[in-house]
Amino acid sequence: MKPELLLVAPLVIAFATGIATFLARRRPRLAGALSVGGAALLLAAALALLAQVVAAGPIATQAANWPAPFGITFVADLLSAIMVATTGVMALVIAVYALAEIPRPLESAGFHTFYQILIGGVCGAFLTGDLFNLYVWFEVNLMASFALLVLGGSREQLDGGIKYVAINLVATAMFLVAVAVLYGLTGTLNMADLHQSVGRVGDVGLLTVVACLFLLGFGIKSAVFPLFFWLPASYHTPPVTVSALFAALLTKVGVYALIRVFTLIFTRDVAFTHTVLLVVAGLTMVTGVLGAVAQMQVRRLLAFHIISQIGYMIMGLALMTPLALAGAIYFMLHNILAKANLFLISGVMRRTAGSFDLGEIGGLWKANPALALLFAVAAFSLAGMPPLSGFWGKLLLIKAGLDAESYAIAAVALTVGLLTLYSMVKIWNEGFWKPHPAGDGGVVTLAAALPGGRVWLLMAPIVVLAGLTVAMGLFAGPVVRVMLTAADQLLNSDAYVAAVFGSGR
Amino acid sequence: MASLLAVLIGAMVAAASYLLLSRNVVRFLFGFVLLGNAINLAILTVGRYRGPQPPLVPDGAAVPTAAVANALPQALILTAIVIGFGILAFSVVLIYRAYEELGTINSDEMQVAEPAGVPGGPR
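Residue numbers (numbering that gives the first Met the number 0), protein chains in the order written: chain A, 0 to 504; chain Z, 0 to 122.
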């Protein structure tokens, strides 16, 4: 097989699975099995792509053989390949969790179809080499996420859905007008071509304005300060499966887009744009974690933590050194695994203890010590306890901050880490440690919560993600080396540009 | 032509912003439609509008001999219109369903997911 086919394989697999699950929607068991099978196939293709890019550097292909920059380019450097592989992992484990969590009526209403389209849209956004095409993939994601968010149509979902839809519409409008003005300035939309032609733009001021429009559009998507209010308004309303999927992938697409355009295209006025990014990063970390410590509802607490941790990734981008970018990518990967796992665990907590509200639950340690242990792995990783993955991510970022003499941001990152630990300990104390308000009868064991062995469909994804978190921490050396190569490809775009244009240019 | 279009786009964005700030989510949606159309006009304008001549190459020539329209911005606009229409259709249904369930189209009164006045957020 030609290696270029690996670039389109994730998209073809996801959309083919989406169609198959739609045709099988009247038979939910079959649709669920198809969804898991498709996700497994996607993971295999994504890992093959990652192996190819690690071995031979960035690869690209042109849709319908229209040569770049005229056609639509699909391109994968190491960052894209890592993100697609991570998407494959999350698609598989969350699809398994969905089998036990999503009620039958929602399966018949097309849950698996929207799920697969969302996965395909996310992979498309990671793999495209064309800015307008990126806009189209954003819209694909958006439509699928709208549907998943309000599927079921409860009052909370429709309420959160309106806010999510409204602000995301404004974000895509910003993105589209930014694309338009950038096209007007340069005459191209191919990202590798833009990398070269922004150098010829005379009016750097106008270019910076366009950069700020992109920052607004992608900033809303990735929920940075002060544009994050839609996220805690909506992420706690849908089924846990959907919350976990959104927490894992959606905001990260925004962060990926920010990293891509602010390393490949907008590098002419770094002193201004990346200072704005640094301030945004610090404020995002602080406001997110302060919102989290005030919450008593597990999923709302976790939703605020998503915001806080987006700040760390933006911090890595703002510092713009190889170590900082490697730290940002490592942190993003760590965060996808740990945060999605915490959402999955919150679903099991509610099934066994009866509620998402920390005031109404308790006693989980006594009833389900295994679940408590898995929670501890994910939570302490998120808080940055060595030797788990979060510790290495924060270590890289803070070291990069100190190296760049940005002491303020390093101090903020450390303080926010402490507050993260505080809010994780809060879930631990309230949910696991203290007795259940209704006595020992208020909390049931895992096997009793979901009879017939189906509880393993819930627990297997949690075990796998916790295992990956531990592995990422224990084998931090080799993983960080890959991330440093990815950061190097971002800062030195020659290989990326050469892959897009072939060897002729 | 470009200056005229720029003024028109500015006026449309101003009106759209006014509507987007409304507490009434239906007015918000009208604002979004207007903003989308303003952006479509902006794509046409920044893509160098050069009249209605189709971009055809005459027989025997290698490049167009007269000033022809730039086809690319129009392709982008077409895509944006199609996507915008899909999103509009979804949003109208969403607002209608929300009105059925919540009994209001005023965004200040939509507080089911985040009830006000509960210390430490909703329980």
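For each residue, glycine too, the CB sits at the ideal point set by N, CA and C.
Sequence-distant residues of the same chain with beta carbon closer than 6 Å to residue i, five excluded per side
i: histidine 304/A; result: Ala291
i: leucine 181/A; result: Val209
i: glycine 151/A; result: Leu105
i: arginine 122/Z; result: Because the pLDDT of arginine 122/Z is 42, which lies under 50, any placement of that residue in the model is unreliable, and the number read from its coordinates should be weighed accordingly. If we look at arginine 122/Z and ignore the five residues flanking it on each side, it has no Cβ neighbours.
i: glutamate 155/A; result: Thr236
i: glutamate 404/A; result: none
i: valine 67/Z; result: Gln52, Pro54
Whole-angstrom distance between residue j and residue i, CA atom to CA atom
i: glycine 441/A; j: aspartate 356/A; result: 14 Å
i: alanine 339/A; j: alanine 90/A; result: 11 Å
i: leucine 401/A; j: leucine 193/A; result: 32 Å
i: alanine 459/A; j: glycine 35/Z; result: 45 Å
i: glycine 119/Z; j: leucine 126/A; result: Bear in mind that the predicted position of glycine 119/Z carries a pLDDT of just 46, short of 50, making it too unreliable to give a figure here.
i: isoleucine 166/A; j: isoleucine 38/Z; result: 17 Å
i: proline 434/A; j: glycine 362/A; result: 4 Å
i: glutamine 51/A; j: proline 450/A; result: 43 Å
i: threonine 64/Z; j: valine 56/Z; result: 7 Å
i: asparagine 132/A; j: glycine 186/A; result: 15 Å
i: valine 415/A; j: leucine 370/A; result: 26 Å
i: alanine 377/A; j: leucine 48/A; result: 28 Å
i: methionine 142/A; j: glutamate 108/Z; result: 25 Å
i: alanine 412/A; j: proline 386/A; result: 18 Å
i: phenylalanine 474/A; j: alanine 88/Z; result: 49 Å
i: methionine 423/A; j: arginine 199/A; result: 50 Å
i: asparagine 64/A; j: histidine 273/A; result: 36 Å
i: glycine 56/A; j: glutamate 3/A; result: 12 Å
i: leucine 93/Z; j: valine 239/A; result: 21 Å
i: glycine 37/A; j: tyrosine 96/A; result: 15 Å
i: valine 32/Z; j: arginine 103/A; result: 36 Å
For residue i, three-class secondary structure by DSSP
i: phenylalanine 73/A; result: strand
i: aspartate 58/Z; result: coil
i: threonine 414/A; result: helix
i: aspartate 202/A; result: coil
i: threonine 64/Z; result: coil
i: asparagine 491/A; result: coil
i: glycine 127/A; result: The identity of residue 127/A in the sequence shown is threonine, whereas the question assumes glycine. Reduced to three states, the DSSP call for threonine 127/A is strand.
i: asparagine 367/A; result: coil
i: asparagine 69/Z; result: coil
Pair within 8 Å by beta-carbon distance, residue i and residue j
i: valine 91/Z; j: aspartate 158/A; result: no
i: glycine 326/A; j: glycine 310/A; result: no
i: alanine 514/A; j: alanine 75/A; result: One cannot answer for residue 514/A here, as it falls past the ends of chain A, which runs 0 to 504.
i: leucine 257/A; j: glycine 123/A; result: no
i: phenylalanine 216/A; j: methionine 284/A; result: Before going on, a small fix: residue 216/A reads as glycine here, not phenylalanine. No, they are not a contact pair.
i: leucine 175/A; j: leucine 206/A; result: no
i: leucine 316/A; j: valine 462/A; result: no
i: threonine 60/A; j: leucine 6/A; result: yes
i: leucine 188/A; j: leucine 130/A; result: yes
Continuous alpha helix (DSSP H) stretch holding residue i: start and end
i: glutamine 156/A; result: 154-185
i: isoleucine 513/A; result: Within the shown structure, residues of chain A are numbered from 0 to 504, placing residue 513/A beyond reach of any answer.
i: proline 27/A; result: 27-55
i: arginine 49/Z; result: Where arginine 49/Z is concerned, there is no enclosing alpha helix (DSSP H), given that its DSSP letter is neither H nor E.
i: tyrosine 17/Z; result: 1-19
i: arginine 26/Z; result: 24-45
i: asparagine 140/A; result: 130-149
i: threonine 16/A; result: 4-22
i: threonine 311/A; result: For the record, residue 311/A in the displayed sequence is tyrosine; it is not threonine. Where tyrosine 311/A is concerned, the enclosing alpha helix (DSSP H) stretches over 297-318.
i: methionine 331/A; result: 321-352
i: isoleucine 461/A; result: 454-473
i: methionine 109/Z; result: It is not in any alpha helix (DSSP H) - methionine 109/Z carries neither H nor E in the DSSP assignment.
i: methionine 384/A; result: Per DSSP, methionine 384/A belongs to no alpha helix (DSSP H) and is neither H nor E.
i: serine 233/A; result: 229-233
i: glutamate 106/A; result: 103-107
i: leucine 226/A; result: Note, leucine 226/A: premise wrong, no alpha helix (DSSP H); not H, not E.
Close beta carbons around residue i, own chain, < 8 Å, minus the five adjacent residues each side
i: threonine 444/A; result: Thr351, Ala366, Asn367
i: serine 233/A; result: Leu148, Gly159, Gly160, Lys162, Tyr163
i: glycine 204/A; result: none
Cβ neighbours of residue i in the same chain (closer than 7 Å, five flanking residues each side left out)
i: leucine 226/A; result: Gly218, Ile219
i: phenylalanine 27/Z; result: Leu18, Leu19, Ser21
i: proline 321/A; result: Leu483, Ala486, Asp487, Leu490
i: serine 34/A; result: Thr16, Thr20, Ala94, His111, Tyr114, Gln115
i: arginine 504/A; result: For arginine 504/A, the predicted model reports a pLDDT of 40, less than 50, meaning its position is unreliable; a value from the coordinates is still stated below. Nothing meets the Cβ criterion.
i: tyrosine 329/A; result: Trp391, Gly392, Leu395, Val478, Val479, Met482
Element boundaries [beta strand (DSSP E), containing residue i]
i: threonine 60/A; result: 58-61
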